[in-house]
Amino acid sequence: MTSTILVVDDEPDLEALVLQKFRKQIREGLVSFVFAHDGLEALESIAQNPHVDLVVSDINMPRMDGLSLLQKLQEAEEKKSTIIVSAYGDMNNIRTAMNRGAFDFLTKPIDFGDLEMTIDKTVRHVEMLRDARRRQAEAERAHASLSRYFSPQIASRLAANGEDGNGMEVHRRDVATIFTDVTSFTTLVENIEPEVLSALLNEYTGGMTDIIFAHEGTVGKIIGDGIHILFNAPGDQPDYGTRAIACAHDLDAWAEDFKQRWRAKGVNFGVTRIGVHAGPALVGNFGGDKYFDYTAHGDTINTASRLQSANKQLGTRICASETVAKAAENFKGRPVGDIVLRGRSEPLRAYEPLRDESFVSPATAQYSEAFAKLEAGDAGAMPAFAALVGMHADDPLAGFHLKRLLNGAKGVRMQLE
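If you count the sequence shown from 1, you need to add 28 to reach my numbering.
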């Protein structure tokens with residue numbers, strides 16, 4: 029790469045002398061020179077040639093001297109490395125120049141061998157700075173790109189490691205995954221003004237994403253009102269099950285508050301349903317070379333999506349598999365049953381995660397007793413659930429089981445559409 033050097037000196041013979049002494053380097057494309065006769069002309073030249081790499085400047089010149097020029101150069105947004113040329117023994121000016129940010133200095137009469145070595149040293153310094161700025165710019169671009177998918181903490185770590193997508197090859201790993209979806213969203217879209225929909229959806233996805241990132245989750249996909257979330261990817265999170273359940277609770281609380289706020293504005297925003305599962309999946313960048321699409325695929329992902337859909341029939345807002353419940357520390361919840369999800373033949377034990385205050389409530393204890401009777405095939409299950417619904421008519425899961433029993437169903441295995 030050719031280094032451009034601006035020489036600032038009012039001596040009329042210097043330009044020809046420099047071009048003569050550096051003719052070989054110029055011919056080989058190593059350096060090129062631009063000349064100015066005083067500080068003001070130098071500033072004009074830099075404005076016209078912003079690619080100037082370094083400045084070699086005399087001190088004593090008309091209109092603007094070298095020290096004033098040096099100060100202007102150091103005040104600029106992109107500082108130019110500057111070599112100051114001074115009379116031999118002029119230590120006061122040399123000290124002033126170094127204090128103002130000069131990279132190096134030479135004394136007159138100029139020794140062109142010394143000038144060449146000093147320029148070479150300065151060019152290497154400029155190249156190091158340029159390379160550092162390039163790496164910083166690449167890191168900032170990588171961080172900006174990664175921040176769309178990952179929490180700030182994870183994005184910063186990945187950007188620092190230079191992983192802007194090229195280091196995220198598809199591989200198999202254990203993950204916890206969450207799917208969210210909003211009920212009746214399609215109907216809402218068809219009956220709402222575009223500007224209202226834009227404000228609503230931006231606030232919703234922004235708030236949900238903030239919660240995901242607070243738990244250091246990864247956004248695998250956002251499609252309309254639906255969000256796919258990953259834990260233990262791309263980095264290792266040994267507590268991924270605990271994170272997923274905690275995140276699901278916080279998403280549920282925020283979404284409920286959001287729903288109430290927008291309903292108060294006259295917008296009938298639906299319930300956010302959440303499915304949580306854990307297991308192996310194929311994880312990585314599925315977007316090829318042109319498009320970054322970090323996500324996950326596999327049965328684990330499909331199961332989480334179907335658990336989310338199961339909430340519709342169960343009447344719950346969060347439905348989690350036994351697998352993720354076991355992976356979560358101190359999991360608290362009540363069993364839903366052994367559900368056979370759409371497209372599957374084997375049942376999966378599912379739970380409704382509960383916060384501490386709900387888990388220790390008398391209603392939860394009453395539900396557990398009724399469920400135990402249902403699981404044991406005890407005929408007392410129906411009156412137990414009937415009593416629970418009578419006391420807690422707002423418990424849709426208890427109502428779901430009572431309806432099953434009234435329709436002749438037995439046990440805790442159930443087929444969901």
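Cβ atoms here follow ideal geometry from the backbone N, Cα and C, with glycine treated the same way.
| Query | Result |
| --- | --- |
| Determine which residues share a DSSP beta bridge with serine 31 and list them. | Val59 |
| Mind checking whether leucine 444 and glutamine 336 have CB atoms under 7 Å apart? | no |
| Aspartate 202 and proline 363 - do their beta-carbons sit closer together than 7 Å? | no |
| Going by alpha carbons, who is nearest to glycine 343 out of Ile257, Thr211 and Ala227? | Thr211 |
| So, helix, strand or coil for leucine 369, using DSSP? | coil |
| What residue range is occupied by the uninterrupted alpha helix (DSSP H) comprising isoleucine 455? | Here the chain comprises residues numbered 29 to 445, so residue 455 is not present and cannot be evaluated. |
| Please classify alanine 261: does DSSP put it in a helix, a strand, or coil? | coil |
| Among residues of its own chain, excluding the 5 on either side of isoleucine 142, which ones have a beta-carbon nearer than 8 Å to its beta-carbon? | Strictly speaking, residue 142 in this sequence is aspartate, with isoleucine absent from that position. The residues are Leu134. |
| Leucine 98: which of Glu72, Ile87 and Glu155 sits nearest, CA to CA? | Ile87 |
| List the whole-angstrom C-beta distance separating proline 390 from glycine 361, where the pair is believed to meet the contact cut-off of C-beta under 8 Å. | That pair is no contact at about 17 Å. |
| Do alanine 338 and cysteine 347 count as a contact pair if the criterion is CB distance below 7 Å? | yes |
| Would you say alanine 378 and isoleucine 367 are within 7 Å of each other, going by their C-beta atoms? | yes |
| For arginine 432, which residues of its own chain have a beta-carbon under 8 Å away from its beta-carbon, when the five flanking residues on both sides are left out? | Met442 |
| So is glycine 94 buried or exposed if we call it buried at 16+ other beta carbons inside 10 Å? | buried |
| Please classify proline 137 as buried or exposed, where buried requires at least 16 neighbouring CB atoms within 10 angstroms. | exposed |
| If you check the beta carbons only, do valine 62 and leucine 34 fall under 7 Å apart? | yes |
| Three Cβ pairs or more, each shorter than 8 Å: is that satisfied between the segment 237-246 and the segment 264-283? | yes |
| Could you pull out every residue in the same chain whose Cβ sits closer than 8 Å to the Cβ of glutamine 446, ignoring the five residues on either side in sequence? | Nothing in the structure corresponds to residue 446, since the chain is present only between 29 and 445. |
| Have a look at the DSSP bridge pairing and note the partners of threonine 205. | Leu258 and His305 |
| Counting C-beta neighbours from all protein chains within 10 Å, is the total for glutamate 218 16 or more, i.e. buried, or is it exposed? | exposed |
| Just reading off the beta strand (DSSP E) that methionine 442 is part of, what are its end residues? | 441-443 |
| Please state whether DSSP places glycine 312 in a helix, a strand or coil. | strand |
| For the beta strand (DSSP E) that contains histidine 325, what are its first and last residues? | 322-325 |
| Is aspartate 132 helix, strand or coil by DSSP? | strand |
| Excluding five sequence neighbours on each side, which residues of the same chain lie with their C-beta closer than 6 Å to the C-beta of phenylalanine 387? | Lys360 |
| When you compare each of Asp81, Asn120 and Met119 to threonine 110 by their alpha carbons, which one comes out closest? | Asp81 |
| Return the CA-CA distance between alanine 404 and glycine 439, expressed in angstroms with no decimal places. | 7 Å |
| Excluding the 5 residues flanking glutamate 197 on each side, which residues of the same chain have their C-beta closer than 8 Å to its C-beta? | Gly312 and Asn313 |
| Determine the closest residue to methionine 29 out of Ala393, Leu225 and Arg152, with distance taken between C-alpha atoms. | Arg152 |
| How is the alpha helix (DSSP H) around leucine 382 delimited, first residue to last? | Unbroken run through leucine 382: none, as it is neither H nor E. |
| Using the DSSP secondary-structure output, state which residues sit across from valine 36 in a beta bridge. | Ala64 and Ser85 |
| Could you have a look at glycine 252 and say whether DSSP puts it in helix, strand or coil? | coil |
| Comparing the C-beta of valine 304 with each C-beta of chain D, is any distance below 7 Å? | No chain D appears in this structure, which consists of one protein chain only. |
| Here's the rule I'm using: 16 or more other beta-carbon atoms within 10 Å means buried, otherwise exposed. How should threonine 150 be labelled? | buried |
| I need the DSSP call for alanine 437, collapsed to helix, strand or coil. | coil |
| Pick helix, strand or coil for proline 390, following the three-state DSSP scheme. | helix |
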